[in-house]
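Chains as they are written, first to last, in UniProt numbering: chain A, 1 to 207; chain B, 1 to 207; chain C, 1 to 207; chain D, 1 to 207. We put the beta carbon where it would ideally sit given N, CA and C, even for glycine. Working notes, beginning with the structure itself.
Protein chains: 4
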Amino acid sequence: MSQIRAAGLQLIYQRGYEGMGLRLLAAEAGIGQSTLYGHYANKQEVLVDLICRHMEELLSCLHRAVPADAPPFARFLTFLRFHLTYHMRRPREVFICYSELRSLEPANLARVTDLRRRYEHALIAIIRDGMAAGVMRRADPRVAAYGLLAMLSGVPVWFDPQGPLSEEEVCAEYIRLAVAAVADPLEAALSDRTIATPLPDSPARKA
Amino acid sequence: MSQIRAAGLQLIYQRGYEGMGLRLLAAEAGIGQSTLYGHYANKQEVLVDLICRHMEELLSCLHRAVPADAPPFARFLTFLRFHLTYHMRRPREVFICYSELRSLEPANLARVTDLRRRYEHALIAIIRDGMAAGVMRRADPRVAAYGLLAMLSGVPVWFDPQGPLSEEEVCAEYIRLAVAAVADPLEAALSDRTIATPLPDSPARKA
Amino acid sequence: MSQIRAAGLQLIYQRGYEGMGLRLLAAEAGIGQSTLYGHYANKQEVLVDLICRHMEELLSCLHRAVPADAPPFARFLTFLRFHLTYHMRRPREVFICYSELRSLEPANLARVTDLRRRYEHALIAIIRDGMAAGVMRRADPRVAAYGLLAMLSGVPVWFDPQGPLSEEEVCAEYIRLAVAAVADPLEAALSDRTIATPLPDSPARKA
Amino acid sequence: MSQIRAAGLQLIYQRGYEGMGLRLLAAEAGIGQSTLYGHYANKQEVLVDLICRHMEELLSCLHRAVPADAPPFARFLTFLRFHLTYHMRRPREVFICYSELRSLEPANLARVTDLRRRYEHALIAIIRDGMAAGVMRRADPRVAAYGLLAMLSGVPVWFDPQGPLSEEEVCAEYIRLAVAAVADPLEAALSDRTIATPLPDSPARKA
DNA sequence: AATGAATGAGCTTTCATTCAT
DNA sequence: AATGAATGAAAGCTCATTCAT
Numbered sequence: 001m002s003q004i005r006a007a008g009l010q011l012i013y014q015r016g017y018e019g020m021g022l023r024l025l026a027a028e029a030g031i032g033q034s035t036l037y038g039h040y041a042n043k044q045e046v047l048v049d050l051i052c053r054h055m056e057e058l059l060s061c062l063h064r065a066v067p068a069d070a071p072p073f074a075r076f077l078t079f080l081r082f083h084l085t086y087h088m089r090r091p092r093e094v095f096i097c098y099s100e101l102r103s104l105e106p107a108n109l110a111r112v113t114d115l116r117r118r119y120e121h122a123l124i125a126i127i128r129d130g131m132a133a134g135v136m137r138r139a140d141p142r143v144a145a146y147g148l149l150a151m152l153s154g155v156p157v158w159f160d161p162q163g164p165l166s167e168e169e170v171c172a173e174y175i176r177l178a179v180a181a182v183a184d185p186l187e188a189a190l191s192d193r194t195i196a197t198p199l200p201d202s203p204a205r206k207a
Numbered sequence: 001m002s003q004i005r006a007a008g009l010q011l012i013y014q015r016g017y018e019g020m021g022l023r024l025l026a027a028e029a030g031i032g033q034s035t036l037y038g039h040y041a042n043k044q045e046v047l048v049d050l051i052c053r054h055m056e057e058l059l060s061c062l063h064r065a066v067p068a069d070a071p072p073f074a075r076f077l078t079f080l081r082f083h084l085t086y087h088m089r090r091p092r093e094v095f096i097c098y099s100e101l102r103s104l105e106p107a108n109l110a111r112v113t114d115l116r117r118r119y120e121h122a123l124i125a126i127i128r129d130g131m132a133a134g135v136m137r138r139a140d141p142r143v144a145a146y147g148l149l150a151m152l153s154g155v156p157v158w159f160d161p162q163g164p165l166s167e168e169e170v171c172a173e174y175i176r177l178a179v180a181a182v183a184d185p186l187e188a189a190l191s192d193r194t195i196a197t198p199l200p201d202s203p204a205r206k207a
Numbered sequence: 001m002s003q004i005r006a007a008g009l010q011l012i013y014q015r016g017y018e019g020m021g022l023r024l025l026a027a028e029a030g031i032g033q034s035t036l037y038g039h040y041a042n043k044q045e046v047l048v049d050l051i052c053r054h055m056e057e058l059l060s061c062l063h064r065a066v067p068a069d070a071p072p073f074a075r076f077l078t079f080l081r082f083h084l085t086y087h088m089r090r091p092r093e094v095f096i097c098y099s100e101l102r103s104l105e106p107a108n109l110a111r112v113t114d115l116r117r118r119y120e121h122a123l124i125a126i127i128r129d130g131m132a133a134g135v136m137r138r139a140d141p142r143v144a145a146y147g148l149l150a151m152l153s154g155v156p157v158w159f160d161p162q163g164p165l166s167e168e169e170v171c172a173e174y175i176r177l178a179v180a181a182v183a184d185p186l187e188a189a190l191s192d193r194t195i196a197t198p199l200p201d202s203p204a205r206k207a
Numbered sequence: 001m002s003q004i005r006a007a008g009l010q011l012i013y014q015r016g017y018e019g020m021g022l023r024l025l026a027a028e029a030g031i032g033q034s035t036l037y038g039h040y041a042n043k044q045e046v047l048v049d050l051i052c053r054h055m056e057e058l059l060s061c062l063h064r065a066v067p068a069d070a071p072p073f074a075r076f077l078t079f080l081r082f083h084l085t086y087h088m089r090r091p092r093e094v095f096i097c098y099s100e101l102r103s104l105e106p107a108n109l110a111r112v113t114d115l116r117r118r119y120e121h122a123l124i125a126i127i128r129d130g131m132a133a134g135v136m137r138r139a140d141p142r143v144a145a146y147g148l149l150a151m152l153s154g155v156p157v158w159f160d161p162q163g164p165l166s167e168e169e170v171c172a173e174y175i176r177l178a179v180a181a182v183a184d185p186l187e188a189a190l191s192d193r194t195i196a197t198p199l200p201d202s203p204a205r206k207a
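The following block contains the structure:
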């Protein structure tokens, strides 16, 4: 039930998986405590549902957002904007998916790790292609991808939608950082024109 | 007692603060369960001790490692190397200091947040100075600092000392990313010579 | 649940509130330890329930037993007999209601103190009326009431239903003491005829 | 040590024997926790010491205060005044000696019960003698003694030295009640002259 | 699909007590 | 005589889970 998921998301975000009691989860979802077991086999399943659902949606949205046949640098820019937007709008899911992995039982962790790897490899492939095409500096593409992902994924920690910087401004700032970090300097000089590729679900804007 | 800290560090890293039972902590530390209360007033104090101790040491080492009177770019490089080395060697502390903040009671959280802010401001100041000196691209120094810190701090998530990449190789790779991300392109082209400043406690290497 | 109350009454009487463990209480009541919390929010509530329930019943029985419109001396005699009978038959409740007051949290103590005050004032009013009517010696009615209540309430400390003295004999003996203590000597001389007013729930007897 | 006794008296009075932790007792007495065991074999001994010491002193003071060879009624009056004064001045000891008996181990309880019995029998003997001498109404002397002792011992529950009634006024009021309760009416009429026998350790006063 | 009642296992914390110094 | 450190046992309470309805 979606009310359980909503309550679980909020509670795990605030108190952690171990810190969330099922009593409270049920109360917050507006149902009886034992009714939970009509929807989930046990507590762990609530966490697995939240994490997997988020990561699967992340993956499928990614594939929809990033055209497989575009040139590497365009795919790179699209990826950056997609990732940033998605993460700024789902700070709780992002936090849970990172810091509650340790609460997953091995089999569930393996499932999640696989999803995560597929997402990471999407960026790794983009970077690899970009290097092959000569538009990115030669470097270890895995290290570069991990570095960029960590940088981008850290946004929700401090970003506040009501704060002084708009989502768009933060996007632009981070994209500049990321592009500068990996692009071939010459290409980077040209990239300003293309940074502002609009995302399907975000209001279009021009450079 | 240091044995309690060692056990607490490991257990909180593996199972989280809420997931760590004091029975297990005591057993792991090789003492009776109630003996814990001769060293800490309560469970929370164990966490506070671990987090504060780490952050205070981080701050004091930072101040020792980064000379206040050096030019901005040199300070930047020193900061990067210091931060990376410190974080690669303390993956558990790093993880705890980030993802167990929510388990801190308000007063303790305030104390930790202050320490964290002081550390972040060290990098912000460096970037601000670098921009003023014209060696770094104009950008929001806070955003740049947060972005870089997230990128650098993400290393321990995947870095494995027994893995194919050495600590030094990872350092060099990340420093290239970070420098490229914020440096003025011209300056960056010149920076390769200076990236490999050796740290006192790490084996010297050449660029 | 009444089985919990029965077990709690016995255990608190024997070992005191602080001395009663909830493990033992549950065992004595024939339920699991955590089942207690389905009936009481916490340990204190068990005590509050026992004390308040007894005092409220005491008050309501008193009002049923003592007719408000009878002459003072008749009300006095009825009060004495009622109080004695009630206390001889509930030695454990009486003891708890007196000596566990200190274990009550302030709010609960206030509630109980109010009930107790209402009971005491019933006797004070009787004595005041008796003095106004000239059938009792002039004295401080509060002091007299406290003195008599202490005297009467002390019965369960030594009274043994299986002992040599019957409930009725003890009643008569104490009533003589109490009447002599406060009655106007002339009236007291005449009162022997009226001492033995039968109580509804006690076997009728004649003087 | 007398500081331990003082702290124990206060703590047991406030929180009960079971409710008094030895940590707190030691802190209140200004000594280390384990130092207690240099003075008492265990917690129980602290209680036994307090109770026995009080009852033994009560007994020995009683024998000093009440002359064995005086006529019954004079001894009665002396006893009343002695008991009241002693109890009004030691409310905490009195409370403990009554309501902590249940915390005594059997052997210790027996010892205390014996002391208590000796005290009660002093009054029983006085009443018996009074009846034999014809100055008191015929009644069960044990019941009368228990009734009077309960009445008199209840004073400290409500008496407040700073309150509106002085110690002397309360004494006089209670003595009138007690005398009226057991005296032969004719004798009682004559007794007013003799109520105010002064106690050694209380300021002399006149009727 | 939903629930109230029940429960064994576990939680953090405090207990009275011991012991080496 | 005094103490700091240590400890097994027990405290009150919450946990995730089951089950009959």
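C-beta atoms of residue i and residue j nearer than 8 angstroms
i: Leu123/A; j: Leu148/A; result: yes
i: Gly154/B; j: Ala68/A; result: no
i: Leu36/A; j: His83/A; result: no
i: Arg116/B; j: Met20/B; result: no
i: Gly16/B; j: Gly16/A; result: yes
i: Ala180/C; j: Ala180/D; result: yes
i: Glu120/B; j: Ala139/B; result: no
i: Pro156/A; j: Pro91/A; result: yes
Rounded separation between residue i and residue j - CA only
i: Arg137/A; j: Glu167/B; result: 21 angstroms
i: Val182/D; j: Val182/C; result: 11 angstroms
i: His87/A; j: Gln44/B; result: 31 angstroms
i: Leu24/B; j: Cys52/B; result: 22 angstroms
i: Ile127/B; j: Thr78/B; result: 13 angstroms
i: Ile12/A; j: Glu18/B; result: 12 angstroms
i: Ala178/D; j: Ile4/C; result: 42 angstroms
i: Tyr98/A; j: Gln33/D; result: 47 angstroms
i: Arg142/A; j: Leu50/A; result: 27 angstroms
i: Val112/A; j: Val66/A; result: 22 angstroms
i: Arg22/B; j: Ser103/A; result: A quick correction: the sequence has Leu, not Arg, at residue 22/B. Distance between the alpha carbons of Leu22/B and Ser103/A is about 18 angstroms.
i: Glu57/A; j: Asp160/B; result: 30 angstroms
i: Thr26/A; j: Met1/A; result: The question names Thr, yet the displayed sequence has Ala at residue 26/A. Near 11 angstroms, if we compare the C-alpha coordinates of Met1/A and Ala26/A.
i: Gly38/A; j: Gln10/C; result: 42 angstroms
i: Gln14/B; j: Glu28/B; result: 13 angstroms
i: Arg89/B; j: Val135/A; result: 34 angstroms
i: His63/C; j: Ala70/C; result: 13 angstroms
i: Val48/D; j: Arg176/C; result: 37 angstroms
i: Val94/B; j: Thr85/B; result: 12 angstroms
i: Ala133/C; j: Asn42/C; result: 50 angstroms
i: Tyr40/D; j: Val46/D; result: 6 angstroms
Buried or exposed by the 16-neighbour rule on C-beta atoms within 10 Å, applied to residue i
i: Pro164/B; result: exposed
i: Gly8/A; result: buried
i: Arg75/D; result: buried
i: Ser60/C; result: exposed
i: Asp114/B; result: exposed
i: Leu172/A; result: Per the sequence presented here, residue 172/A reads as Ala, with Leu not at that position. When all chains shown are included, Ala172/A counts as buried.
i: Arg81/C; result: buried
Identity of the residues DSSP links to residue i by a beta bridge
i: Ala183/B; result: Met136/B
Near the ligand COA: residue i beta-carbon under 7 angstroms from a heavy atom
i: Met88/A; result: In the structure shown, the ligand COA is absent, as is every other ligand, since no ligand is present at all.
Contact list for the segment 68-91 of chain A against chain B, Cβ threshold 8 angstroms = none
query = Can you list, in chain order, the residues of the segment 99-132 of chain D whose Cβ is nearer than 9 angstroms to any Cβ on chain C?
reply = Ser99, Glu100, Arg102 and Ser103
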